[in-house]
Structures are given as C-alpha cells and as structure tokens.
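Asker:
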Amino acid sequence: MKFSFRAYLLKITVLAVTYWGTAQLGLLFSSIENDGGGLWPPAGIALVALLIFGHHLWPGVVLGAFLTHVSTGAAVTFALVIAISSTLEALAGVYLLRHVDFDQMLSRRRDVVSLIFWGAIISPLLGATIGVTGLGLIGLVPWPAYLSVWWTWWLGHALGVLVIAPLGLIWTGRHNSLDRGIFSQGLTNGADGQGRPIPPAGIIASAMDAIITVNETQRIILFNAAAEEVFGCSAAKAIGQSLDRFIPTRFRDAHTHHIQRFGQSGLTNQKMGRLTPLWGLRSNGQEFPIEASISQMEIAGQKLYTTILRDVTDKLQTQQDLLSSEARYRAIVQDQTELICRSTPDQVLTFVNNAYARYFGRLPEELIGQSFLDLIAPENRQFIRTNHANLSPENPMVSNELEEMRADGSRRWLHWTDRGIFDQTGQLVEVQAVGRDITEQKQAQQQIEFQKTLLECELEASPDGILIVSGEREWLYANQRFVDMWGLLPEIVAARSSPVTLAYIRSLLVEPEVVIAGIEYLLEHPAETNRVEIRLKDGRVFDRYSAPIVSAANEYYGRLWIFRDITRERQLEAQLLQSQKMEAIGQLAGGIAHDFNNILVPIIGYVELGMMQLSPNDKLYSDLQRVREAAERAVSLTQQILAFSRKQMLEMRVLDLNGLASEFQQLIQRLIGEDIELQTFLEPALYQVKADKGQIEQVLLNLVVNARDAMPTGGKLSLETANAYLDEAYLKKYTGPQTPGHYAMLAVSDTGNGMDPAIQQQIFEPFFTTKAQGRGTGLGLATVFGIIKQHGGYIWVYSELYKGTTFKIYLPKANETMQTPPTTHPIAGSDYGSETILVVEDEEMVRHLVCETLASHGYKVIEALGPADGLRLAAEQKDIIHLLLTDVIMPNMNGRELYEKMTAFKPDIKVLYMSGYTDNVIVHHGILDEGINFLQKPFTVRMLTRKVKQVLS
Numbered sequence: 001m002k003f004s005f006r007a008y009l010l011k012i013t014v015l016a017v018t019y020w021g022t023a024q025l026g027l028l029f030s031s032i033e034n035d036g037g038g039l040w041p042p043a044g045i046a047l048v049a050l051l052i053f054g055h056h057l058w059p060g061v062v063l064g065a066f067l068t069h070v071s072t073g074a075a076v077t078f079a080l081v082i083a084i085s086s087t088l089e090a091l092a093g094v095y096l097l098r099h100v101d102f103d104q105m106l107s108r109r110r111d112v113v114s115l116i117f118w119g120a121i122i123s124p125l126l127g128a129t130i131g132v133t134g135l136g137l138i139g140l141v142p143w144p145a146y147l148s149v150w151w152t153w154w155l156g157h158a159l160g161v162l163v164i165a166p167l168g169l170i171w172t173g174r175h176n177s178l179d180r181g182i183f184s185q186g187l188t189n190g191a192d193g194q195g196r197p198i199p200p201a202g203i204i205a206s207a208m209d210a211i212i213t214v215n216e217t218q219r220i221i222l223f224n225a226a227a228e229e230v231f232g233c234s235a236a237k238a239i240g241q242s243l244d245r246f247i248p249t250r251f252r253d254a255h256t257h258h259i260q261r262f263g264q265s266g267l268t269n270q271k272m273g274r275l276t277p278l279w280g281l282r283s284n285g286q287e288f289p290i291e292a293s294i295s296q297m298e299i300a301g302q303k304l305y306t307t308i309l310r311d312v313t314d315k316l317q318t319q320q321d322l323l324s325s326e327a328r329y330r331a332i333v334q335d336q337t338e339l340i341c342r343s344t345p346d347q348v349l350t351f352v353n354n355a356y357a358r359y360f361g362r363l364p365e366e367l368i369g370q371s372f373l374d375l376i377a378p379e380n381r382q383f384i385r386t387n388h389a390n391l392s393p394e395n396p397m398v399s400n401e402l403e404e405m406r407a408d409g410s411r412r413w414l415h416w417t418d419r420g421i422f423d424q425t426g427q428l429v430e431v432q433a434v435g436r437d438i439t440e441q442k443q444a445q446q447q448i449e450f451q452k453t454l455l456e457c458e459l460e461a462s463p464d465g466i467l468i469v470s471g472e473r474e475w476l477y478a479n480q481r482f483v484d485m486w487g488l489l490p491e492i493v494a495a496r497s498s499p500v501t502l503a504y505i506r507s508l509l510v511e512p513e514v515v516i517a518g519i520e521y522l523l524e525h526p527a528e529t530n531r532v533e534i535r536l537k538d539g540r541v542f543d544r545y546s547a548p549i550v551s552a553a554n555e556y557y558g559r560l561w562i563f564r565d566i567t568r569e570r571q572l573e574a575q576l577l578q579s580q581k582m583e584a585i586g587q588l589a590g591g592i593a594h595d596f597n598n599i600l601v602p603i604i605g606y607v608e609l610g611m612m613q614l615s616p617n618d619k620l621y622s623d624l625q626r627v628r629e630a631a632e633r634a635v636s637l638t639q640q641i642l643a644f645s646r647k648q649m650l651e652m653r654v655l656d657l658n659g660l661a662s663e664f665q666q667l668i669q670r671l672i673g674e675d676i677e678l679q680t681f682l683e684p685a686l687y688q689v690k691a692d693k694g695q696i697e698q699v700l701l702n703l704v705v706n707a708r709d710a711m712p713t714g715g716k717l718s719l720e721t722a723n724a725y726l727d728e729a730y731l732k733k734y735t736g737p738q739t740p741g742h743y744a745m746l747a748v749s750d751t752g753n754g755m756d757p758a759i760q761q762q763i764f765e766p767f768f769t770t771k772a773q774g775r776g777t778g779l780g781l782a783t784v785f786g787i788i789k790q791h792g793g794y795i796w797v798y799s800e801l802y803k804g805t806t807f808k809i810y811l812p813k814a815n816e817t818m819q820t821p822p823t824t825h826p827i828a829g830s831d832y833g834s835e836t837i838l839v840v841e842d843e844e845m846v847r848h849l850v851c852e853t854l855a856s857h858g859y860k861v862i863e864a865l866g867p868a869d870g871l872r873l874a875a876e877q878k879d880i881i882h883l884l885l886t887d888v889i890m891p892n893m894n895g896r897e898l899y900e901k902m903t904a905f906k907p908d909i910k911v912l913y914m915s916g917y918t919d920n921v922i923v924h925h926g927i928l929d930e931g932i933n934f935l936q937k938p939f940t941v942r943m944l945t946r947k948v949k950q951v952l953s
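Everything in the sequence shown is counted per this note's numbering, starting at 1 for the first residue and increasing by one.
1. What does the alpha-carbon distance come out to for the pair Thr306 and Gln319?
2. Residues in the same chain with beta-carbon distance under 6 Å from Asn189, minus the five sequence neighbours each way, listed in chain order, please.
3. Below 8 Å on the Cβ atoms is my contact criterion, and I expect Ser114 with Leu97 to pass it. Report the Cβ-Cβ distance as a whole number of Å.
4. Beta-carbon separation of Phe807 and Val748 under 8 Å?
5. Among Val214, Thr77, Asp103, Leu27, whose alpha-carbon lies nearest the alpha-carbon of Trp153?
6. Do you know whose CA, among Leu609, Leu731, Pro712, lies nearest Ala855's CA?
7. If you run the structure through DSSP and keep just helix, strand and coil, what is Asn34?
8. If you measure between the beta carbons of Ile809 and Val699, is that distance less than 8 Å?
9. Please work out which residues of its chain come closer than 7 Å, Cβ to Cβ, to Ile122, disregarding the five sequence neighbours upstream and downstream, and give them in chain order.
10. Considering only their Cβ atoms, is the gap separating Ile668 from Val704 smaller than 8 Å?
11. State yes or no: is the C-beta of Leu717 within less than 8 Å of the C-beta of Leu678?
12. Compare the Cα-Cα distances from Pro221 to each of Glu228, Leu159, Leu304 and report the closest residue.
13. Given a threshold of 16 other Cβ atoms within 10 Å of its Cβ, counted over all protein chains shown, does Trp118 qualify as buried or as exposed?
14. From Asp565 to Ile438, what does the alpha carbon distance come to, in whole angstroms?
15. Checking 8 Å against the spacing of the C-beta atoms, do Ile82 and Thr217 come in under that value?
16. DSSP beta-bridge partners for Tyr794?
17. When the Cα atoms are used, what is the spatial distance from Tyr504 to Leu935?
18. Going along the chain, which residues of its own chain have a beta-carbon closer than 7 Å to the beta-carbon of Gly714, five neighbours each way excluded?
19. Starting from Trp118, follow its DSSP beta bridges and name the residues at the other end.
20. Apply the 10 Å Cβ neighbour rule to Lys937 and answer buried if 16 or more other Cβ atoms are within range, or exposed otherwise.
21. Residue range of the alpha helix (DSSP H) that Gly136 falls in?
22. Do you know whose CA, among Ile862, Leu391, Gly895, lies nearest Ile881's CA?
23. Touching or not, the segment 835 to 847 and the segment 598 to 605, by the rule of three or more beta carbon pairs under 8 Å?
24. Here's the rule I'm using: 16 or more other beta-carbon atoms within 10 Å means buried, otherwise exposed. How should Trp561 be labelled?
25. Quick one: what does DSSP say Ser579 is sitting in, helix, strand or coil?
26. Return the chain-ordered ranges of every alpha helix (DSSP H) run that is complete within the segment 203 to 240 and spans a minimum of 4 residues.
27. Under the three-state reduction of DSSP, which class applies to Gln695: helix, strand or coil?
28. Pairs of beta-carbons, one from the segment 432 to 447 and one from the segment 410 to 420, closer than 8 Å: are there three or more?
29. How about Ala707 and Thr721: do their beta carbons lie closer than 8 Å?
30. Quick check: Trp1000 and Leu140, are their CB atoms within less than 8 Å of each other?
31. Starting from Ile534, trace the beta strand (DSSP E) in both directions and tell me its first and last residue.
32. To which residues of the same chain is Leu162 closer than 6 Å at the C-beta, ignoring the five residues directly before and after it?
33. What are the uninterrupted segments assigned as beta strand (DSSP E) that are 3 or more residues long and contained completely in the segment 317 to 358, given in chain order?
34. Between Gln760 and Val784, which are expected to be in contact by the criterion C-beta below 8 Å, what is the C-beta distance as a whole number of angstroms?
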C-alpha cells in the first residue's frame with residue numbers, strides 16, 4: 001500500500017480532536033492555572049495513542065494540546081509551551097516503556113508496574129518539569145508559584161495515565177483478537193483485501209522459517225511452529241503480545257520507526273539483515289542474529305505485517321571462520337621472503353606482502369590502489385597486459401621474467417608466476433603473483449652466454465649430440481654426446497662415414513624412410529636449414545636441427561647436425577595435455593572398460609539364458625528383452641567413451657574407403673530422408689588405408705547424422721573421397737605434429753546451418769553439443785576425433801554460418817594391399833562341443849556365467865578363481881584340458897603371463913583371452929596383436945560359444 005498523506009493527516013486530526021474532547025472533560029476536574037489538582041485524561045490518551053499507533057502521530061498531540069488551551073483564552077505562547085511539553089511527556093513515556101520489555105496486553109504483573117512507574121510517574125514528572133520551567137522562563141508563571149503549578153501538572157497527568165491508559169490498552173487487546181479472526185478469514189479465503197494470494201495455513205504452520213504476523217499496533221496474531229522453536233516461546237503465550245517482546249530493548253525504537261516507514265512506503269515486501277544482521281530476543285533473554293523479510297497486506301480493511309525470519313547464527317560463525325582463515329593466510333603470506341601481490345585485471349594492486357613493499361622501498365598502503373605497471377620498465381607493460389588478458393580457467397598460470405624499477409631508480413630482474421583467480425562464470429576477478437629477484441641469475445646467464453661464444457669450439461660441453469659433416473659427407477667432428485645418444489659402435493665411429501652411420505641409424509628409427517629422405521634432401525640442398533623430430537623404436541624422441549656451415553665469403557664447408565633428446569619434454573607435454581583435457585574421461589573409460597563391462601557380462605548373459613528357457617509369447621520374455629536392450633545401450637555408450645578417450649581396441653586391416661562409402665549409401669539415404677539430396681564424388685584410384693572397419697563406419701555414421709540434423713528443412717549432403725599428399729608445412733599449419741606423406745581423404749559436406757569460429761573450437765570436446773536437450777549427448781564428434789587420432793590420421797573442419805559445414809578425414813595410405821578374406825562355412829551345431837575348458841576369471845559373477853553357459857553347451861568346465869588357482873588346476877589336469885579361457889587383467893598375474901607359464905608344461909594348449917579393458921598386455925596402441933584370439937567384454941551367450949568353437953576348431 002502506498003503512503004497516503006491524506007490518511008496520515010486524518011489520523012493526526014482524529015487524535016487532536018480526541019485530545020481536545022477529553023481535555024474538555026479534564027477541565028471540569030482541574031485547571032493548570034489553579035492549585036486544585038485533578039484528573040487530566042488527555043495525558044492517558046496521548047500515551048496510549050503513541051504507544052499503540054506509533055510515535056509518528058506526535059503532531060496530533062501537539063495540535064490537540066495547543067487547541068485545548070487556546071480555546072480557553074490562554075495566550076498563544078502559553079498554549080504552545082504546554083503543547084510541546086505534553087508531547088515530549090508522551091514520547092518519553094513511549095520510549096521508556098518500550099525499553100523495559102513492556103507488554104501492552106498488561107498480561108504480566110511487571111507490565112502493570114512498568115505502566116505505573118514509567119508511564120504514570122516518571123513521564124509526567126519529566127513533562128511537568130519541562131513545561132513549568134518553560135512557562136517560568138517566559139514569565140507566564142511566577143517563580144514563587146513554581147512548585148504549586150508543577151504539582152498540579154504532575155498530579156493531573158499521572159491520574160490521567162492511571163485511569164485512561166489501562167482502559168485503552170485493554171480495548172486494544174480485544175481489537176487484536178478481532179485482527180486474528182480477520183487474518184484467519186483471509187487464510188481461509190486464500191487472498192487479502194487486494195486479491196493477493198495468502199499461503200494456506202498448513203504451509204505456514206509447516207514452514208521451516210519462522211513466520212510472525214502482527215497488526216498495526218505490533219500485536220502478534222500469528223506465530224508458527226518454527227517461530228516457537230526459534231524464540232523458545234509457545235504460540236499461545238506469544239499471540240496477543242507486542243512484537244517488542246522478541247526484540248532487544250536497544251533496537252525497539254528503530255524497529256517501530258522502520259515498520260512505520262515501511263507501511264508508508266507503498267512496498268509490499270522488503271528484505272532485511274543481509275548486510276548488517278538484525279537481532280532477535282529468545283524467551284530466555286538470549287540475543288541472536290537473524291535475517292528477515294517483511295511484507296504487508298490488508299484484510300477486511302485492517303493492515304497486517306508478516307515477517308519471515310531465520311536464525312543466522314551458524315552462517316555468521318561460518319563467515320567468522322572464513323575471516324579467521326583469511327587472517328591466517330595473510331599472516332603466512334606476510335612471513336614469506338618471496339614477493340607476493342594481488343591485483344585486479346587492470347593491474348591495480350589490492351594486496352602486497354611486506355617483502356614486496358620492502359623490495360620497492362614503499363609502504364604497503366602507498367602501493368595498494370596503485371597500478372603496479374608503474375614499477376615495470378615501460379617496454380614490458382604491454383607484455384603484462386597481454387599475459388593477463390590471456391589467462392583463463394583452462395590456462396590459469398603464466399610465468400615470465402621482467403625488468404622492474406626500484407625506488408632508487410635501479411633496474412632489477414624478477415621472475416614472476418601469475419595465477420588467475422576466476423568467478424563462477426569464468427571471469428577473471430584477480431591475479432595473484434609470486435616473484436623473486438633473479439638479477440644475479442640473469443647476469444650469470446649473460447656471462448655464460450659470453451663464455452660460450454668464446455668457447456664455441458669446446459663442443460664436448462654441449463648437452464646435445466653434435467655432428468659436423470663435410471660437403472663430401474665425411475665426418476668432420478662428432479662429440480661424445482652424439483655417439484652415446486645413438487649408441488654407435490666403435491667401428492662405426494672409426495669409419496667416420498655418413499653412409500655407414502646412416503645404415504646403422506636406419507635400424508633404430510620408427511620411420512626410417514621419412515627420416516633418411518629428409519637427411520638426403522638437406523645434403524643435396526646446402527642452403528637449407530631444417531628442424532624435425534625423430535622418433536626411435538625404443539620410445540625416445542630427438543629434436544634434430546641442421547644448418548649449413550658457411551664462411552663470411554659464403555663458402556660452403558659442410559653441414560651442422562644437432563640432436564637433442566626431448567623425450568622427457570614430449571612426455572610431460574603429453575601428460576599435461578592428457579591431464580587437462582582427458583584425465584577425468586580417461587579414468588572413467590578405463591574403469592568402465594574393466595569394471596562396467598564385467599558388470600554387463602552377467603547381465604546380458606543371464607538375461608539371454610533366461611530368454612532361452614521362455615517362449616517369445618511369455619510376458620517375462622518381453623521384460624527380459626527390454627533388459628537386454630537397455631544393456632546393449634550401455635554397451636554402446638561404453639564403446640563411445642572408449643572411442644573418444646582412444647582406449648578402445650582396433651582390429652586393423654586394409655580397407656577401401658570407396659567400398660565403405662558405397663555400402664553405406666543405402667543406409668545414409670534412409671537416415672537423411674527425402675528432403676536431403678545425397679551426392680557422391682569418389683576417387684576411382686583411391687589409396688587404401690589400414691583401419692578398423694567398424695570404427696570408420698561409426699565415424700561416417702556420426703558425421704552423416706550431424707549433417708542431417710544441421711539441415712532440418714532439407715539440403716544437400718555430399719560424400720567425397722580423394723588422394724592427398726600432405727607436406728610438412730601443411731601439417732604444421734593445420735594439424736600440428738603429424739607425419740608428412742600420402743593420405744586418403746574422406747569428406748562429408750552439408751548445406752546446413754554452419755558454425756561460427758567459437759563453436760568450431762569446441763566441437764571435438766567431450767559432452768559439448770549445440771543440439772537441444774535430449775537430442776545429443778555431446779559424444780559424437782568427440783568419438784570421431786578419438787577414432788581418427790587412434791588411426792594415426794586427423795580430422796579438419798571448415799564451416800561458415802548459414803552456409804554449411806565440411807568435415808575432412810585424412811587417413812595414412814596403407815603400405816599393404818587389401819586381400820579378400822577367406823570364405824568360411826558354418827559348422828552344423830557349431831554352438832556346442834565336448835572339449836574341456838579351463839576358465840580363469842577373478843570376477844565371480846562373470847566366471848559363474850561363463851562356466852554355466854559353456855556347461856549348458858556340452859563343454860566340460862574347470863573353474864579357477866584366479867591365476868594361481870588356474871596354474872595349479874592346469875598342472876593337475878593338463879592331459880584333459882583343450883582350451884584356456886582367461887581374463888586379461890587380474891591381480892598378481894595377467895592373462896598372457898598365465899598362458900606363457902602354462903605352455904611350459906602344456907605347449908599345445910589353446911588360449912582365448914577376454915577383457916573389457918584395452919591394456920597393452922595383448923594390444924599395442926589399441927591394435928590387437930596378430931594371431932591373438934580375443935573376446936571383447938561384454939559379450940552375448942552366442943558370441944561366447946561361437947568364439948570358443950572357432951578357437952577349438
């Protein structure tokens with residue numbers, strides 16, 4: 001309800017008229033101008049009115065008192081002094097009563113005593129003293145008559161309060177009961193007088209926050225169960241009491257004033273206590289902090305105020321603990337010898353430790369609020385701005401070395417490590433920097449560099465392998481590091497011949513043809529400078545740099561070759577990349593592959609065994625069918641996660657991408673529908689690639705589905721294949737580290753919505769999707785990326801918004817040729833057998849399922865709990881065992897080690913491995929070793945029996 005000046009003026013007028021009317025009655029009993037002394041009712045009226053309706057109505061008392069005495073013919077000055085004194089008397093009474101926890105219902109003996117003492121004795125005493133003294137000062141009361149006039153005033157006002165105030169307060173109590181009835185009616189109707197909804201009584205009663213409703217006189221008419229618990233007072237005792245009972249004495253006036261201003265503000269609700277806690281008072285006298293919101297409503301013409309509050313004692317304690325923690329942190333930081341500071345994104349200092357301030361010869365308070373760029377050499381300031389602008393949650397740290405200026409004008413070098421601090425939205429809010437003086441270190445480095453220039457002929461001190469070859473390809477010099485890095489035999493070193501050295505080095509390289517071709521190219525082109533990375537079969541990585549050696553007259557002397565072992569750096573880079581982008585997903589993939597697949601095996605297996613014993617018309621058969629479908633979806637999800645984390649196992653064979661695309665055309669047409677036109681452009685002489693057909697089919701399927709979804713209103717979808725030669729420059733520009741050479745290209749293009757550059761940068765991230773909720777998991781392109789990378793290829797995307805998108809996949813050309821797989825003929829009754837099989841599996845449910853399934857298909861099964869148990873059983877029954885069926889990953893001994901130990905006493909035993917995890921025990925880089933019999937978990941009953949029969953046959 002908005003503030004109404006007219007309503008306020010009306011209330012003042014009513015109070016003034018009431019005061020004047022009761023004054024006429026009082027004039028019958030006494031007059032301030034005689035010595036009689038008698039009842040003065042307006043004193044009680046003024047106290048009750050301000051106590052009940054608020055002290056903001058004090059102008060009504062002034063006006064009523066003034067009119068009363070002017071109407072008797074008194075001088076204006078006389079009437080004005082009387083009016084002011086009477087008003088101050090009433091206000092003093094209200095103030096004193098509110099500060100002694102006075103209950104306007106007079107329900108306690110102490111309330112009656114408080115009214116008599118503070119309202120009827122003390123406040124009239126103050127009023128009489130102020131009034132009579134004022135009249136005396138202006139000469140309207142002679143000083144000899146001071147005591148007589150004072151006594152008349154005090155006695156009349158005291159009697160007025162004693163008689164009138166209790167009657168008014170008791171009447172107000174009855175009015176509060178009426179307010180509660182009106183509010184209950186509002187709860188029943190569900191709305192206030194202006195149609196605003198009121199929560200049902202049941203909700204209010206069961207609310208977790210305390211809810212208290214008062215009328216305009218601050219009398220409680222509703223007190224829910226939560227309020228009873230918070231204040232330790234029952235609703236029966238609280239209802240009818242003044243809200244002041246639950247407010248500490250020192251805050252009561254401020255609370256009353258706030259309620260009055262709120263009632264006049266026109267607001268319907270307001271929150272309090274967020275910045276500065278409010279305080280409540282429990283029935284036992286304990287004060288506690290609260291947060292509250294207040295709302296006002298009008299029911300049946302009565303204005304009511306509802307407060308919803310909660311005890312925030314624990315919250316404030318938590319805040320205090322945080323402040324204490326920060327204080328301890330600052331104390332630790334202040335004791336550091338390193339320079340520590342914090343600054344805003346625009347380089348304004350917000351904190352410096354003592355070491356920082358001492359270093360720059362300033363006081364901490366002089367530095368805080370200033371830009372630290374003023375302390376940095378001007379030529380380095382933009383560098384700092386750029387570094388801070390590039391900080392992100394993904395790359396929150398940066399290190400740099402800067403030349404800075406001290407107070408004495410000297411320049412010093414410091415090494416800084418800056419860490420960005422970000423809010424929940426990823427915005428940079430502060431930068432914390434830790435620095436140390438490296439001036440001496442820099443000077444030492446400069447001295448070392450100078451010495452190295454003077455001693456460049458002492459190449460033996462170099463940590464790199466260095467070889468200098470003449471224009472005739474003969475060794476001119478090789479340091480010991482070069483010999484050690486390559487493990488050169490003494491006879492090779494003695495030969496000092498490049499051809500002999502190259503012949504030996506060739507056997508150590510992963511890609512000898514590429515490396516040797518690059519060396520030959522440089523030897524034939526003396527002016528060329530080149531740097532590449534070389535990978536060795538033992539896992540090491542060398543950074544190879546080569547440059548011509550020429551004289552000042554540009555005479556060619558030979559070529560310098562420098563080899564640096566960067567294996568550790570590359571390993572660290574790979575680990576960092578893995579930890580930043582795929583750490584969590586990689587761990588999940590490994591866990592899913594090994595554990596979740598073991599869970600799925602018995603689920604799928606026992607469901608199928610159950611279905612075999614039921615009729616398809618049986619309802620339980622349908623239920624089991626749904627369970628199997630759900631398990632198959634779980635298998636599909638597991639395979640996707642393995643794919644994008646590059647941990648799935650690949651069965652590589654030479655593949656024709658044209659044939660794959662042709663086979664897929666019919667399926668693609670069904671997927672895209674009639675609104676999308678399919679076009680194919682296939683290179684007739686396309687390079688063959690070595691790949692896992694199923695995985696490449698998955699890649700093609702994902703790209704086609706994405707293209708279809710990008711063209712909801714139709715368009716064109718194109719499949720294209722081509723041969724490509726990618727040189728080193730192209731690969732560095734577009735793909736990063738990749739091997740130059742011949743590639744087969746497969747492209748999928750659409751004329752759909754396209755993507756902006758920001759989206760293109762994220763499309764291969766796991767769980768990133770632009771599709772509506774429920775339309776995509778965000779795993780599709782992440783899966784594609786992982787599969788292609790595991791194949792040694794790469795994927796490239798080009799897109800323009802609203803024009804379309806093209807995905808190009810490059811797979812290395814295969815050195816082998818595709819062979820037609822041998823035709824196999826099914827064996828009658830191939831699911832059954834009679835051989836003896838030793839099953840070794842540490843997962844009990846999987847082991848029981850496998851044994852039960854094989855036994856139901858006629859096999860004799862020996863069950864082993866683990867590798868040690870399997871070895872024992874195999875030794876005891878070696879003459880009857882035909883096949884070892886073993887898990888790959890088991891405690892203490894893996895499946896391959898178990899098989900190798902078993903062949904020591906039974907060389908002819910056959911083995912079938914099963915696993916849900918692509919450990920390198922039987923695979924290399926995710927590719928199955930040749931000749932290995934392997935069953936991927938989870939598997940069906942049919943897959944198990946067919947694979948067992950195949951291995952035994």
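Each residue gets a CB set at the ideal place from its N, CA and C atoms; glycine is no exception. As the structure is a prediction and not an experimental result, all values here were calculated from the model.
Answerer: Here's the rundown:
1. 28 Å
2. Annotation note: pLDDT 47 at Asn189 (below 50); position unreliable, coordinate value reported separately. There are no such residues.
3. 6 Å
4. yes
5. Leu27
6. Leu609
7. Any reading at Asn34 must be qualified, since the residue scores a pLDDT of 43, below 50, and its modelled position is unreliable; no value is offered.
8. yes
9. Leu96
10. yes
11. yes
12. The sequence shown places Ile at residue 221, not Pro. Comparing Cα positions, the closest option is Leu304.
13. buried
14. 28 Å
15. no
16. Tyr810
17. 41 Å
18. Asp675, Ile676
19. Bridge partners of Trp118: none, in fact.
20. buried
21. 123 to 137
22. Ile862
23. yes
24. buried
25. For Ser579, the pLDDT reaches just 47, beneath the cut-off of 50, and the residue's location in the model is therefore unreliable, although a value from the coordinates is still provided. Helix at Ser579.
26. 225 to 231, 235 to 238
27. helix
28. yes
29. no
30. Past the boundaries of the shown model lies residue 1000; the chain is included only from 1 to 953, so the question cannot be answered.
31. 530 to 535
32. Ala120
33. 339 to 343, 349 to 352
34. 14 Å between Cβ atoms; not a contact.
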